[in-house]
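Engineer: Before we start, here is the structure in question, set down as structure tokens.
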Ligand SMILES: C[S@@+](CC[C@H](N)C(=O)[O-])C[C@H]1O[C@@H](n2cnc3c(N)ncnc32)[C@H](O)[C@@H]1O
Ligand code: SF4
Ligand code: SF4
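Here's what the structure looks like:
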């Protein structure tokens, strides 16, 4: 994997500038992906990468900057790092990390320097201990990786015009809401008029800025993983006693959605954990509680680790319970989002059903 720090990148500025200046602003048909072209991720290993995607069939996560701890990156330095991969795809020589990635798409790509997709995932701490969690929230990682505030760097990028206002801004982690900079970072995006904001949260900690974002219709989707109908199951899955608090917060967010007269901005997620939360009664209770809170959007997922181990097994009973979930949501007329692992289990292509 290529590995560059900020000074390496600065040294290559002139070469790449010269190579790319002629093609500037011209669109060209070739195979690339939206993230290579206009996206980036700040991850929990002190890196800025092109994407956070990882799979058995390809490596993923091309690197832009390593040893990153919140330094302000001037526009030229940042886009020089981005252009390196864009030039490669333009020339038909793909980053090794992207080999076989299904996100590569042949179409006309523009040659302008701007960002329209950001994943903020540099946080490790969490106020929950979900038994299925894929995020490295443990003590070892906290010792290896240095926590930093990203707000000053992103403010500079907004001020220097690097990020378009319709950009997808995706907050994940760890748990975003527990970080001291969360409120100021989200407020900054709101103040600057960003309106395509995605937030994944445990829902345990109430956020005034999330409420404001919902009230101002600047949230695309606020996703809260419930993974349970009953208090007992919620505690079993989350390993913290937070069920009442989460539902109290859902009601407050739902109120903001109603005040804004918007729909389908809050999505309550159910990750199927085979032999744990897959009883009909648990799903019934979950859907009933969703409806009572005047929420109209649910998501069905499946523990990705379980899927990796069991994808070739006879999963008939799990398929049945997944179909039951989907059929029951139809009764309530909820919008439904189906995550990839559940789609693969069911053999369906539709993301929203
Ligand atoms: C790592 S979390 C971080 C954000 C936040 N703490 C949360 O739980 O929503 C990002 C997303 O990955 C999902 N996730 C984590 N572990 C998973 C697993 N084993 N299978 C499927 N989804 C998982 C979570 O539900 C969450 O929506
Ligand atoms: S691994 Fe896939 S998603 Fe990631 S940058 Fe490469 S092509 Fe894009
Ligand atoms: S709330 Fe999110 S980050 Fe925290 S343990 Fe659960 S899935 Fe992991």
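Numbering (our numbering), first residue to last: 5 to 357. All C-beta atoms, glycine included, are put in the ideal place defined by N, C-alpha and C. Note that the structure is a prediction, hence the values are computed from the model and not measured.
(1) Rounded to the nearest angstrom, what separates residue 95 and residue 88 at their Cα positions?
(2) Any heavy atom of ligand 2 closer than 7 Å to the CB of residue 302?
(3) Count the other C-beta atoms from every protein chain shown that fall within 10 angstroms of the C-beta of residue 43, then say buried if there are 16 or more, exposed otherwise.
(4) Could you check what DSSP says for residue 348 in three-state terms: helix, strand or coil?
(5) Is the beta carbon of residue 40 within less than 7 Å of some heavy atom of ligand 2?
(6) I'd like the span of the beta strand (DSSP E) that includes residue 175, first residue to last.
(7) For the alpha helix (DSSP H) containing residue 282, name the first residue and the last one.
(8) Give the C-beta separation of residue 224 and residue 200 to the nearest angstrom, bearing in mind that I take them to be a contact with Cβ-Cβ under 8 Å.
(9) Quick one: does the C-beta of residue 101 sit closer than 7 Å to a heavy atom of ligand 2?
(10) Would you tell me roughly how many angstroms separate the C-alpha atoms of residue 98 and residue 39, rounded to the nearest one?
(11) As a quick exercise: from 350, 252 and 178, pick the residue whose alpha carbon is nearest that of residue 296.
(12) By how many angstroms is the C-alpha of residue 235 removed from the C-alpha of residue 244?
(13) I need the straight-line Cα distance from residue 334 to residue 268, nearest angstrom please.
(14) Taking the alpha-carbon positions, what's the residue 114 to residue 190 distance?
(15) So the candidates are 279, 285, 105 and 35; which of them puts its Cα closest to the Cα of residue 92?
(16) Using CA atoms only, rank isn't needed, just tell me which of 100, 90 and 126 is closest to residue 117.
(17) Evaluate residue 76 with the Cβ neighbour count: other Cβ atoms within 10 Å of its Cβ, from every protein chain shown; 16 or more gives buried, anything less gives exposed.
(18) Using the rule of at least 16 other Cβ atoms within 10 Å of the residue's Cβ for burial, across every protein chain shown, is residue 4 buried or exposed?
(19) For residue 165 and residue 54, I'd like the C-alpha separation in whole angstroms.
(20) Anything with a beta carbon under 6 Å from a heavy atom of ligand 3 counts; list them all in chain order.
(21) Exposed or buried, what is residue 109 when buried is set at 16 or more other beta-carbons lying within 10 Å of its beta-carbon?
(22) Could you tell me if the beta carbon of residue 229 falls within a distance shorter than 7 Å of some heavy atom in ligand 1?
(23) Exposed or buried, which one is residue 25 when buried takes at least 16 other CB atoms within 10 Å?
(24) Using only alpha-carbon positions, find the residue among 279, 237 and 196 that is nearest to residue 289.
(25) Closest by CA to residue 106, which one among 84, 50, 57 and 143?
(26) My parser needs the beta strand (DSSP E) runs of 3 or more residues fully inside the region 53–83; what are they?
(27) With a threshold of 7 Å (Cβ to nearest heavy atom), would residue 223 be considered close to ligand 1?
(28) In the DSSP assignment, what residue or residues form a beta bridge with residue 113?
(29) Output the boundary residues of the alpha helix (DSSP H) element that contains residue 100.
(30) Report back the beta-carbon spacing between residue 183 and residue 218 to the nearest angstrom; my notes put them in contact at under 8 Å.
(31) In angstroms with no decimal places, state the Cα-to-Cα distance between residue 350 and residue 309.
Structural biologist: Concretely, from the data shown:
(1) What you label residue 95 is simply residue 91 of the chain shown in a count that begins at 1. What you label residue 88 is simply residue 84 of the chain shown in a count that begins at 1. So the alpha carbons of these two residues sit roughly 11 Å apart.
(2) Indexing the chain shown from 1 puts residue 302 at position 298. Incorrect: residue 302 has no Cβ contact closer than 7 Å to ligand 2.
(3) Along the chain shown, read from residue 1 onward, the residue named residue 43 stands at position 39. The residue in question, residue 43, is buried, as its Cβ has 16 or more Cβ neighbours within 10 Å.
(4) In the chain shown, the residue the question calls residue 348 occupies position 344. Residue 348: helix per DSSP, three-state reduction.
(5) Mapped onto the chain shown, residue 40 falls at position 36. Yes; taking the cut-off as 7 Å, the Cβ of residue 40 has a heavy atom of ligand 2 nearer than that.
(6) Here residue 175 corresponds to residue number 171 of the chain shown, with the count starting at 1. Start and end: 167–175.
(7) What you label residue 282 is simply residue 278 of the chain shown in a count that begins at 1. Careful: residue 282 lies outside any alpha helix (DSSP H) and carries neither H nor E.
(8) Taking the chain shown and counting its residues from 1, the one referred to as residue 224 is at position 220. Taking the chain shown and counting its residues from 1, the one referred to as residue 200 is at position 196. Residue 224 to residue 200, Cβ: 5 Å. Contact.
(9) Start at 1 with the first residue of the chain shown, and residue 101 comes out as number 97. Under cutoff, so the answer is yes.
(10) In the chain shown, the residue the question calls residue 98 occupies position 94. In the chain shown, the residue the question calls residue 39 occupies position 35. Spanning the two alpha carbons is a distance of roughly 13 Å.
(11) Here residue 296 refers to the residue found at position 292 when the chain shown is read from its first residue. Out of 350, 252 and 178, 252 has the C-alpha closest to the C-alpha of residue 296.
(12) Mapped onto the chain shown, residue 244 falls at position 240. Mapped onto the chain shown, residue 235 falls at position 231. Residue 244 and residue 235: Cα-Cα distance of roughly 11 Å.
(13) On the chain shown, residue 334 is found 330 positions in, with the first residue counted as 1. On the chain shown, residue 268 is found 264 positions in, with the first residue counted as 1. Cα-Cα distance, rounded: 15 Å.
(14) If you number the chain shown from 1, residue 114 lands on position 110. If you number the chain shown from 1, residue 190 lands on position 186. When rounded, the distance between both Cα atoms is 29 Å.
(15) Along the chain shown, one-based indexing puts residue 92 at 88. Considering only alpha carbons, the answer is 35.
(16) Taking the first residue of the chain shown as position 1, residue 117 is located at position 113. Out of 100, 90 and 126, 90 has the C-alpha closest to the C-alpha of residue 117.
(17) For the purposes of this step, residue 76 is taken as the residue at position 72 of the chain shown. The residue is exposed, with fewer than 16 neighbouring Cβ atoms inside 10 Å.
(18) Residue numbering for the chain in the displayed model covers 5 to 357; residue 4 lies beyond these limits and cannot be assessed.
(19) The residue labelled residue 165 in the question sits at position 161 within the chain shown. The residue labelled residue 54 in the question sits at position 50 within the chain shown. If you take the alpha carbons of residue 165 and residue 54, they lie about 19 Å apart.
(20) 130, 132, 133, 134, 137, 139, 141, 177, 178, 179 and 206
(21) Residue mapping note: residue 109 aligns to position 105 of the chain shown, counting from 1. Exposed: under 16 other Cβ atoms inside 10 Å.
(22) Walking along the chain shown from the start, residue 229 turns up at place 225. Within the cutoff, so yes.
(23) As a first step, residue 25 must be located in the chain shown, where it is residue number 21. In this predicted model, residue 25 has a pLDDT of only 42, less than 50, meaning its place in the structure is not dependable; the value taken from the coordinates is given anyway. Classification of residue 25: exposed, given that the 10 Å Cβ count is below 16.
(24) On the chain shown, position 285 is the one that residue 289 refers to. Measuring from the Cα of residue 289, the nearest candidate turns out to be 237.
(25) Counted from its first residue, the chain shown places residue 106 at position 102. With distances taken between Cα atoms, residue 106 lies closest to 57.
(26) 67–69
(27) For the purposes of this step, residue 223 is taken as residue 219 along the chain shown, with counting starting at 1. Result no, Cβ not under 7 Å from ligand 1.
(28) The residue you call residue 113 lines up with position 109 of the chain shown. According to DSSP, residue 113 bridges with 32.
(29) Here residue 100 corresponds to residue number 96 of the chain shown, with the count starting at 1. It is not in any alpha helix (DSSP H) - residue 100 carries neither H nor E in the DSSP assignment.
(30) Counted from its first residue, the chain shown places residue 183 at position 179. Counted from its first residue, the chain shown places residue 218 at position 214. With a Cβ gap of about 20 Å, residue 183 and residue 218 do not count as contacting.
(31) Indexing the chain shown from 1 puts residue 350 at position 346. Indexing the chain shown from 1 puts residue 309 at position 305. The straight-line gap from Cα to Cα measures roughly 17 Å.
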